[in-house]
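Numbering (our numbering), first residue to last: 677 to 953. Backbone N, C-alpha and C define an ideal beta-carbon position, used for all residues, glycine too. Everything below concerns the one structure shown next.
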């Protein structure tokens, strides 16, 4: 991924960093959000579809087209099904999957940023539950579908929101700022039927980067794999799943499809793991 001249100016020069402080301020984020949700942003839709070669087959398109860019970006598919395999873990989203074992000194690498599990969750006791467990990281690109679902059946124990300053996540930015630790994120701790305790987290990024989760799924809610959990508005985004030690057996086909970056392209609802036997 190549760094643009604009990003180098913003992150590597004094005037650029001064401007960056303004660009990531809350009022700019709100202003950008209002624009992308207004009719003035409608012309961006056709450009975006063409630029990222987005497949619109099976998408629920309004009769008169999208009224704003955000209406398009948060588009939904016509057919939305629960998982027919409750014994399996499914992908909660479209994107690129990587996995790792969480050791005592592990630094998780998400979008070129390294962080500890404790700093990610902001909960040392919860992080201890997942020592020697597995972290699954789903990276969504601009071309991906930005709605996401639950990955397993279970009961929501509790939820947490961590507000943050939204920075760009491209490499030139991450060499200058602790980008990920400043990103907004939300997660739920879920007691699953098959895989024990699981954390499902969403991470927002540049400008609006808004995470919108369905409020009906609060503490004590019963959730099913494939239930739509929420969606991202425009901005980079990541979903992270955490599991305890010895629980998962990853699907063998994932390794065969892994690309040069160590990631596997996955689709919402695709089986990615089973209970370890």
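Item	Value
Beta-carbon contacts of residue 938 that lie in its chain and below 8 Å, excluding the five residues immediately before and after	774
Among 800, 703, 804 and 916, the one whose alpha carbon lies nearest that of residue 785	916
Proximal residues to residue 868 (C-beta, below 6 Å), its chain only, five neighbours per side dropped	828, 830 and 874
Nearest-angstrom beta carbon gap, residue 745 and residue 720 [assumed within contact, 8 Å]	5 Å
Residues near residue 735 by beta carbon distance below 8 Å, same chain, minus five either side	751, 752, 753 and 754
Segment limits, alpha helix (DSSP H) that includes residue 721	720-727
Test item: CB-CB of residue 891 and residue 772 under 8 Å	no
Length of the line joining the Cα atoms of residue 805 and residue 909	31 Å
Close Cβ partners of residue 906 (< 8 Å) along its chain, the five nearest in sequence each way excluded	823, 824, 878, 887, 888, 889 and 890
Beta-carbon contacts of residue 857 that lie in its chain and below 7 Å, excluding the five residues immediately before and after	Low local confidence applies: a pLDDT of 41 at residue 857 is under 50, so the model's placement there is unreliable, and no value is given.
Beta-carbon contacts of residue 893 that lie in its chain and below 7 Å, excluding the five residues immediately before and after	832, 899 and 905
Nearest-angstrom Cα separation, counted from residue 903 out to residue 945	10 Å
Pick from 762, 870, 690 and 837 that is closest to residue 861, judged by C-alpha positions	837
Of the residues 803, 711 and 709, the one placed nearest residue 781, counting alpha carbons only	803
Span separating the alpha-carbon of residue 698 from that of residue 681	19 Å
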